[in-house]
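**Student:**
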Amino acid sequence: MAKFSWIPHRAMLQNRLSVVLVVVVVIAVLFLERQIHQLNYSLRRIEESLERSNSRRMRSTPSISNKPNTDDFVVIYNRVPKTGSTSFTGIAYDLCHTNKFNVLHINTTRNMHTMSVADQMKFVSNVTSWTAKKPAFYHGHLAFIDFGSFGSSQQPLYINIIRRPLDRLVSYYYFLRNGDDLRPKLKRARQQGHTNKETFDQCVARRGYDCSEQKLWIQVPFFCGHAQECWVPGSRWALEQAKFNLANHYLLVGVTEELEDFVIMLESALPSMFRGAVDLFRTGQKSHLRKTANKLKPSDETIEFFKSSPIWEVEEEFYNFVLDNFHMQKKRSLKTVDGMVVPVSGQFLYEKIRPK
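Just so we're aligned, residue 1 is where the sequence shown starts under our numbering, counting upward by one.
(1) Mapping DSSP to helix, strand and coil, what is His139?
(2) Determine whether the beta carbon atoms of Leu239 and Glu317 lie at a separation below 9 angstroms.
(3) Where does Val337 sit, in a helix, a strand or coil, going by DSSP?
(4) Kindly indicate which residue of Gln329, His226, Ile162 and Glu301 has the alpha-carbon position closest to the one of Phe144.
(5) With the cut-off set at 9 angstroms, would you say Thr256 and Asp167 are in Cβ contact?
(6) Among the residues of its own chain, which have a CB less than 6 angstroms from the CB of Leu169, if the five just before and after it don't count?
(7) From the DSSP output, which residues share a beta bridge with Pro343?
(8) Counting C-beta neighbours from all protein chains within 10 Å, is the total for Trp130 16 or more, i.e. buried, or is it exposed?
(9) Take Met273 as the anchor and find which of Val25, Phe101 and Gln35 has the nearest alpha-carbon.
(10) Look up Ile76 in the DSSP assignment and give the residues it is bridged to.
(11) To which residues does DSSP link His105 through a beta bridge?
(12) Taking Val124 as the reference, which of Tyr319, Thr292 and Ile76 has the closest Cα?
(13) Quick one: what does DSSP say Thr83 is sitting in, helix, strand or coil?
(14) Taking Leu142 as the reference, give the member of Glu315, Thr108, Ser171 and Lys133 with the closest Cα.
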């Protein structure tokens, strides 16, 4: 009888086990690869979701940086004559190189304060599209222009300074006759006439042209704009339009009598353009750059004459409107520290921002 051999059976069993082991290992590797693939896919989805969330948050959350992008800033100072405008404009010229902005003077024909419709359109187009000159500070004796009424989506930042109406007129009257300390040798037109030595009181007594109540009508129309009614002396409509434009289109309007506070607030609001303006005003000679020569105060009789004028009444009402608004802004914007007026800052922050 043949004898049974168990060796081949053991070899066959070992081979089968090896095959099974290989299959198990392959299955395990494939399983792990699938799991890794799914994990990578999930991670990519999470990353994409986070990127979209961050993108939405960046678009919807305003910047709280102290250095906003001001490359496109355009400031227009439609300066009223004899309100301290030369002193303030001189500060802008001193700062433009250091603070990297451009200053441009708007020189109108025959010193007119209004433009034709065509020139207004060209001016709006120039100011908004002249990117090589941005950021820009435009200044000139020009009435307000509403850029939106000419189809522009870009709006400049208007600023201005006004003065007590009668004080401004008296200063302008003597400026035409006596000049100022900026260009003392320049001969003015009124210095050549027979009335060049006439005082303001004497001019009023004879009802002269340069001292007439109509000559008060300048600050209201400068804020009212180019409409015909704006230039009708004493117009109540012009007064209301001037108030509306100031409230809706002007960043800041100060008064000559408180010019330093105006400079402090403007530097605080637009530091990229006016950084250093306060130091220049306080320590330099820009605070009194142009001073009218031989200016005499009007008599009480002259003052009462103007106070009886409807034109003075409207101009004075606008001045007081500006003064009240400026004082309200000062109360919110300035404080006194160790006897020095300084700007208030950091009055707001963002919190409870969701989603995180």
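We put the CB at the ideal spot given by N, CA and C, even for glycine.
**Tutor:** Reading from the atomic positions:
(1) If you number the sequence shown from 1, residue 139 lands on position 139. His139: strand per DSSP, three-state reduction.
(2) Start at 1 with the first residue of the sequence shown, and residue 239 comes out as number 239. Start at 1 with the first residue of the sequence shown, and residue 317 comes out as number 317. Cβ atoms of Leu239 and Glu317: closer than 9 angstroms.
(3) Here residue 337 refers to the residue found at position 337 of the sequence shown. Note: Val337 maps to strand in three-state DSSP.
(4) As a first step, residue 144 must be located in the sequence shown, where it is residue number 144. With distances taken between Cα atoms, Phe144 lies closest to His226.
(5) Taking the first residue of the sequence shown as 1, we reach residue 256 at position 256. Taking the first residue of the sequence shown as 1, we reach residue 167 at position 167. At a Cβ-Cβ threshold of 9 angstroms, Thr256 and Asp167 count as neighbours.
(6) Taking the sequence shown and counting its residues from 1, the one referred to as residue 169 is at position 169. Taken in chain order, the residues that qualify are Lys215 and Leu216.
(7) Working through the sequence shown from its first residue, we reach residue 343 at position 343. Its beta-bridge partners are Leu334.
(8) For the purposes of this step, residue 130 is taken as the residue at position 130 of the sequence shown. Here Trp130 is exposed. Its C-beta has fewer than 16 other C-beta atoms within 10 Å.
(9) Translated into positions along the sequence shown, residue 273 becomes position 273. Checking every option, the nearest Cα to that of Met273 belongs to Phe101.
(10) Here the question's residue 76 lines up with position 76 in the sequence shown. DSSP lists Tyr138 and Tyr158 as partners of Ile76.
(11) Residue mapping note: residue 105 aligns to position 105 of the sequence shown, counting from 1. Paired residues: His139.
(12) Against the sequence shown, residue 124 aligns to sequence position 124. Of Tyr319, Thr292 and Ile76, the residue nearest in Cα terms is Ile76.
(13) Along the sequence shown, one-based indexing puts residue 83 at 83. Of the three classes helix, strand and coil, the one that applies to Thr83 here is coil, per DSSP.
(14) By one-based count along the sequence shown, residue 142 stands at place 142. Ranking the options by Cα distance to Leu142, first place goes to Thr108.
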